[in-house]
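Protein sequences appear in the order of chains R and A.
Residue numbers for the first sequence follow this note's numbering, beginning at 15 and rising by one.
Residue numbers for the second sequence follow this note's numbering, beginning at 5 and rising by one.
Using N, Cα and C, we set each Cβ at its ideal position, and we do this for glycine too.
First up is the structure itself, then whatever we jot down about it.
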Amino acid sequence: MGGRGQLAGGLMFLFAAAAAPLLPDWVVSLVTIAFANALVVLGLVVLWRAGLVSFGQALYYCIGAYAVSLTARWTGFTDAFALVLIGGVAAGLMAVLIGFLLARYREIFFAMLSLALSMILYGVLVKSESLGSTDGFSVATPTFLGYAPHRDALGLALYWLTLGVDAIGAVLVGVYFRSVAGALAAPIRDNEIRVEFLGVSVTSIIHIKVVVAGILGGLGGALAALAIGHVDPNMAYWTTSGGFVFVTILAGAGSVAAAFVGSLVFEAVRSFAFDVMPQLWQMTLGSVLLLTILFLPDGLGSLVARLKRRREAKS
Amino acid sequence: MSAILVVRDLEKTFGSLVAARDITISVPAEQTVGVIGANGAGKTTFINMITGHLKPSKGSIWFEDREITGKPSREITRLGISRSFQVAQIFPSLTVFENICMAAAIARRAGGVWGNIASPVHSGAATAEAEATIELFQIGRYRDTAANTLPQGVRKLLDIGMAVVGWPRLLLLDEPTSGISIEEKFDLMNVVMSALKARKITVLFVEHDMEIVARFAERVLAFYDGTIIADGTPTETLDDPRVQELISGVRLKPTAARPGHA
C-alpha cells in the first residue's frame, strides 16, 4: 500500500470514528466485533502471504480474551487500554513458545498442528470448573483511564478503543510488511532455498510471523471479550478458527485494508442472513464465499487493484 | 598478491565413499578460476564445503586469513562468500527488481532477529544497489518483468546478480552456462565476467564447456576422483595428458577471441 492508500485508510478510520454517535447501536456493536476480529484476520494474512494457513488462530484469540477477563476478575483492575495490552502480550508470549515448534512445519502440517494446539486449550478450559467450564464467565465492565461509561456510552467507548487499536495495528503491520522480515513472505513461499542462501534463517522469519499473528490474535480476542462482555471455551474451538480462515479467504491477502473490509463484510452478511433467513444463514455465507472464490480468487481486496488497473488501461 | 582463499588437505567422506580428498589450493584475490571435471569428480562437494553446506571430514578452509572450516553457511555468507546455482534459484512470483532489491536489503540488514524487523526492504541504499546491479548485468529491460516469465539466460543473470548485490569478495558459480544454448553461452559469460571484474570479485566457476573455460579462466583446476589432478593456466591444465584422457577427451587450444564458427 502506497502513501495514498495509507492516507485513504487513515481518512476512513477518522470518518468511522466521527460517524459513530450518529449510528444506531446495533451498527456500532456489529462494527466493533467485526473490527476486533479483523485483527485476528490480519494476523492470518501475515501467515498467508508466506503460504502458511493456521487453523488454530482461535488459540491466541481465546488467550487474549481470557487474559483480559481473568486479570479483571482476579485483580479488580479494569482499565481497558491496559487490559487489551495484557491480552496482546499474553497471546504473544504463547506464540513465542509455540513458534519454536510450529516454525519448523509447512503446509498441512502447519495447519493441523496449530489446530491441535488450539483444541488442547479448548479441552483444558472445558475441564476447568474454576473458570466456568463450558459456560465461561462474564467480563467486568471496563473503565477508560478512570472514566466508567455505561450502556450506550460504553458501546461507543469500546468502538473507539477498537478503532484506535486497529489503526495502530494497521500502521505497524504496514511497516512490518515493508521490512525484510515482513517482505520475506512470497520469497519463502517461492523458494526457501534461495532465502537460506542469501543468509537468512527461514525458521526464524516464520517464527516472527507466528508471533506477529499471535499478538494480533490476542489483541482481537481482548477487544472481543470486552465488547461481548463474556468469554467461554468456544473462543478456542476449531470452528472459531475456521471462521477466521473463512474471512481471510473472503478478504484476500493483498493489503492490510482487505482484512478490515473482509471482516466487516463477513459480519454484515452474517447479521443480515441471520435476520432474513435464520434457518439458512450458513448457506448464505457459504454462497458468498463460493462466489468470491469463483469471481475474485484473490479476495475482496483485489477489487481495488482491479479497478485501478482498469482505470490505468483506460487512460 | 595475498591469498583470499586457502584450502589445506580437505577431505570429505560419506561412509566408505570418498567424495573429496587431499585438496590443497591457494587462490589469490581477484583471480578467475575455472573448475572442470566429470560428473561425480567432486567439484560440487568442494564448493559445498567452502560455502558451509557440507562439513569437511578433514582439513581446513581459510577465507581472508580467517578459518571458516565447518562454520554454518549463513555465517559464511555474511563473511563475504556467495554462490550461484546450476539451476537458477530465484523468486518466481517477484519481478526482477524485487528479487534483487530483496537480496540487497538482506545483505545490508542489521544482525539478529531485530535486524530483520527493523530493516526496510526499499531503503534508499538497497534500492540504489539493486538498480546498479540490474544495470551491471544488463537486464534493465526486464526490470519489472515477473521472474517466472524470464528467458533462461536472464534467469541465470538474475541468479548471479542476487549473489553479487551483497558485494561478496568471493563468488562460487556452479555451472553458470548450464541450460543455455551454445550460441548464447559466450554472450552470457561476457556479461557475467565483466560484471564480476568491475566489482573485483574473486571467482571460482564450475564449467563443462572447455571453450568457455579456456576463454574466461585465468587458472584451471581439474578434478578427478575427488581430488585435483591438474592446476595451472588454462593452457597448462587443458594440455595435461591426464586431463585430456580423463576429462576433456579432446585436445583444445585456448582461444583468445570468440571462435569463428559460433
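Next on the checklist: Classify P172/A: buried if its beta carbon has 16 or more other beta carbons within 10 angstroms, exposed otherwise.
Outcome noted: buried
Next on the checklist: Let me make sure I understand the geometry here. Which of G113/R, L299/R, I219/R and A273/R has the alpha-carbon closest to that of G188/R?
Outcome noted: A273/R
Checklist entry - Which partner residues of E71/A appear in the DSSP bridge assignment? => result W66/A
Checklist entry - Between the segment 55-67 of chain R and the segment 251-260 of chain R, do at least 3 Cβ pairs fall closer than 8 Å? => result yes
Next on the checklist: Taking 9 Å as the threshold (C-beta atoms), are L83/A and I72/A in contact?
Outcome noted: yes
Checklist entry - Could you give the residue range of the beta strand (DSSP E) that holds L176/A? => result L174 to D178
Next on the checklist: At the 9 Å Cβ level, is N248/R part of the contact set with chain A, yes or no?
Outcome noted: Chain A contact via Cβ: absent.
Next on the checklist: I'd like to know whether the C-beta of R18/R is nearer than 9 Å to at least one C-beta of chain A.
Outcome noted: no
Item to check | Helix, strand or coil at F309/R [DSSP, three-state] | outcome: helix
Checklist entry - So, does the CB of V185/R fall closer than 9 Å to a CB anywhere in chain A? => result With its beta carbon at least 9 Å from every one in chain A, V185/R lies outside the interface.
Checklist entry - Going by Cα to Cα distance, which pick from G300/R, A265/R, M291/R and S277/R is closest to L310/R? => result A265/R
Next on the checklist: For D191/A and V217/A, I'd like the C-alpha separation in whole angstroms.
Outcome noted: Straight across, the Cα-Cα distance linking D191/A with V217/A is about 14 Å.
Checklist entry - Between which two residues does the alpha helix (DSSP H) harbouring E135/A extend? => result G128 to L140
Checklist entry - Alpha carbon to alpha carbon, how far is G276/R from A184/R? => result 14 Å
Checklist entry - For T81/A, which residues in chain R fall below 8 Å Cβ to Cβ? => result F211, L212 and G213
Item to check | Residue from R12/A, G38/A and D243/A with nearest C-alpha to S30/A | outcome: R12/A
Checklist entry - Curious, which full-length alpha helix (DSSP H) runs of at least 4 residues does the segment 63-132 of chain R contain? => result 72-89 and 94-116
Checklist entry - Ordered along the chain, which non-local residues of its own chain (more than five positions away) have a Cβ less than 6 Å from that of W66/A? => result For W66/A, where only same-chain residues beyond five positions count, the Cβ hits under 6 Å are V10.
Checklist entry - In chain order, which continuous runs of the beta strand (DSSP E) of length 3 or greater are located wholly inside the segment 16-66 of chain A? => result Within the segment 16-66 of chain A, the complete beta strand (DSSP E) runs of at least 3 residues are 21-32 and 36-41.
Next on the checklist: Looking at the strands, I want to know which residues DSSP matches up with G236/A.
Outcome noted: As computed with DSSP, G236/A is found in a beta bridge with V224/A.
Checklist entry - Taking only beta-carbon atoms, is L98/A less than 9 Å away from chain R? => result yes
Checklist entry - So T241/A and R25/A are in contact, right, with Cβ under 8 Å, and what is the actual spacing, rounded? => result Actually they are not in contact, since the Cβ atoms of T241/A and R25/A sit about 19 Å apart, beyond 8 Å.
Item to check | For H221/R and V110/R, the rounded distance between their alpha carbons | outcome: V110/R and H221/R: Cα-Cα distance of roughly 7 Å.
Checklist entry - Which residues mark the beginning and the end of the beta strand (DSSP E) in which R284/R is found? => result Looking at the DSSP string, R284/R is not in any beta strand (DSSP E); the run it does join, the alpha helix (DSSP H), is V270 to V290.
Next on the checklist: Does any residue of chain R have a CB that is nearer than 9 Å to the CB of I110/A?
Outcome noted: yes
Checklist entry - Buried or exposed: which applies to K322/R, given that a residue is buried once 16 or more other Cβ atoms fall within 10 Å of its Cβ? => result exposed
Item to check | alpha helix (DSSP H) segment containing V333/R, residue limits | outcome: Absent from the structure is residue 333/R, since the part of chain R shown begins at 15 and ends at 329.
Checklist entry - Name the chain R residues that come within less than 8 Å of N120/A, Cβ to Cβ? => result S193, V194, A195, L198, V214, S218, I219 and I222
Checklist entry - Does DSSP put D180/R in a helix, a strand or coil? => result helix
Checklist entry - Nearest to G268/R by CA position, among L36/R, F29/R, A32/R and L61/R, is which residue? => result If we check each option's Cα against that of G268/R, L61/R comes out closest.
Next on the checklist: Measuring only the C-alpha atoms, how far is A79/R from M297/R?
Outcome noted: 29 Å
Checklist entry - Going by the beta-carbon positions, is the gap between A239/R and G101/R smaller than 9 Å? => result yes
Checklist entry - Since F89/A is in the beta strand (DSSP E), which residue starts that stretch and which ends it? => result F89/A -> no beta strand (DSSP E), and no H or E assigned at all.
Item to check | P238/A versus L225/A, A23/A and L250/A, residue with shortest Cα-Cα distance | outcome: L225/A
Next on the checklist: Let's see if you can read the secondary structure: which residues bound the beta strand (DSSP E) around V117/A?
Outcome noted: Premise fails: V117/A lies in the alpha helix (DSSP H), G116 to A122, not in any beta strand (DSSP E).
Checklist entry - Do you know whose CA, among P155/A, V168/A, I8/A and K204/A, lies nearest S185/A's CA? => result P155/A
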